[in-house]
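Residue numbers (our numbering): 67 to 287.
Ideal placement from N, C-alpha and C gives every residue a C-beta, glycine not left out.
The structure appears right after this line, and notes come after that.
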């Protein structure tokens with residue numbers, strides 16, 4: 067099946083329930099452009115260096131999303147143009163993004179990453195930490211960063227009940243946060259292997275790469 071057909075099939079499932087961020091990590095330019103020519107505009111990268119390398123090779127109307135772990139010393143490189151940072155996992159990072167936003171005279175949209183999986187390798191706030199941060203009055207002082215919602219990555223497991231529980235808990239927490247923060251409008255939850263379940267449980271933004279663009283070159287044996 068072609069990239070165009072896989073993309074259209076995915077969009078047909080998502081309809082108006084969730085927006086698609088196409089993960090372009092290590093993918094061929096011709097396949098990425100095929101998705102662009104089919105109408106896709108939200109592209110995501112997990113590494114700053116690859117994002118910077120790609121940015122100038124694609125049309126200006128692409129909205130670039132940062133979905134991977136972001137170090138504070140790398141924020142300055144993407145601050146001028148990034149559309150959404152999904153992976154804010156510390157107050158220090160939030161403050162750094164705010165500082166860079168002020169420097170570039172723009173408000174940078176972000177999501178708080180929540181540690182929902184049972185894997186220690188994943189990053190993110192614990193639920194209690196995120197709740198405390200969102201209640202902190204000092205948050206109002208950060209004028210150049212806007213928290214739009216939450217992001218979470220489920221455990222890498224074939225056990226559906228585990229993934230369902232993790233997504234369900236995050237979706238519930240998102241609704242609680244939304245009640246207190248009306249500007250919350252984004253729940254980034256679901257990847258190539260689990261996005262269908264994520265959408266059914268309340269996700270309104272999914273991050274999909276290989277299910278549309280095919281296996282990454284290094285992943286093929």
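Next on the checklist: Here's a check: name, in chain order, each residue in its chain whose Cβ is nearer than 8 Å to the Cβ of residue 113, leaving out the five neighbours to either side.
Outcome noted: Taking the chain shown and counting its residues from 1, the one referred to as residue 113 is at position 47. So the qualifying residues of the chain are 91 and 134.
Checklist entry - In chain order, which continuous runs of the beta strand (DSSP E) of length 3 or greater are located wholly inside the stretch 106-165? => result Unbroken beta strand (DSSP E) runs of no fewer than 3 residues, entirely contained in the stretch 106-165, are found at 108-111, 129-132 and 150-154, following chain order.
Item to check | Assumed close pair residue 246, residue 271 - CB separation to whole angstroms, cut-off 8 Å | outcome: Position 180 of the chain shown, counted from the first residue, corresponds to residue 246. Position 205 of the chain shown, counted from the first residue, corresponds to residue 271. No, residue 246 and residue 271 are not in contact; Cβ-Cβ is about 20 Å, not under 8 Å.
Next on the checklist: Could you check whether the stretch 116-128 touches the stretch 74-84, counting it as contact only if at least three pairs of C-beta atoms, one from each stretch, sit closer than 8 Å?
Outcome noted: no
Checklist entry - Looking only at its own chain, which residues have a Cβ that is under 6 Å from the Cβ of residue 146, when we skip the five neighbours before and after it? => result To locate residue 146, count along the chain shown from 1; it is residue 80. Excluding positions up to five away in sequence, the list reads 170.
Item to check | For residue 80, three-class secondary structure by DSSP | outcome: For this step, residue 80 is matched to residue 14 along the chain shown. DSSP places residue 80 in helix when its eight states are reduced to three.
Checklist entry - Where residue 207 and residue 167 are concerned, what is the direct C-alpha to C-alpha distance, given to the nearest angstrom? => result Residue mapping note: residue 207 aligns to position 141 of the chain shown, counting from 1. Residue mapping note: residue 167 aligns to position 101 of the chain shown, counting from 1. When only Cα atoms are considered, residue 207 and residue 167 end up about 13 Å apart.
Next on the checklist: Checking 7 Å against the spacing of the C-beta atoms, do residue 107 and residue 129 come in under that value?
Outcome noted: Here residue 107 refers to the residue found at position 41 when the chain shown is read from its first residue. Here residue 129 refers to the residue found at position 63 when the chain shown is read from its first residue. Yes; because the gap between Cβ atoms is below 7 Å, this pair is in contact.
Checklist entry - Within 10 angstroms of its Cβ, does residue 105 collect 16 or more other Cβ (buried), or is it exposed? => result Locating residue 105 in the chain shown gives position 39, where the first residue counts as 1. Looking at its Cβ environment, which holds fewer than 16 other Cβ atoms inside 10 Å, residue 105 is exposed.
Checklist entry - Within the chosen definition, does the stretch 215-225 reach the stretch 180-197 through at least 3 CB pairs nearer than 8 Å? => result yes
Item to check | residue 257 burial status per 10 Å Cβ neighbour count (16 or more: buried) | outcome: In the chain shown, counting from the first residue as 1, residue 257 sits at position 191. Buried: at least 16 other Cβ atoms inside 10 Å.
Item to check | Selection from 93, 79 and 126 that minimises the alpha carbon distance to residue 149 | outcome: Mapped onto the chain shown, residue 149 falls at position 83. For the residues 93, 79 and 126, the minimum Cα distance to residue 149 belongs to 126.
Item to check | Assigned secondary structure, residue 254 (DSSP; H/G/I helix, E/B strand, else coil) | outcome: As a working note, residue 254 is residue 188 in the chain shown. DSSP places residue 254 in strand when its eight states are reduced to three.
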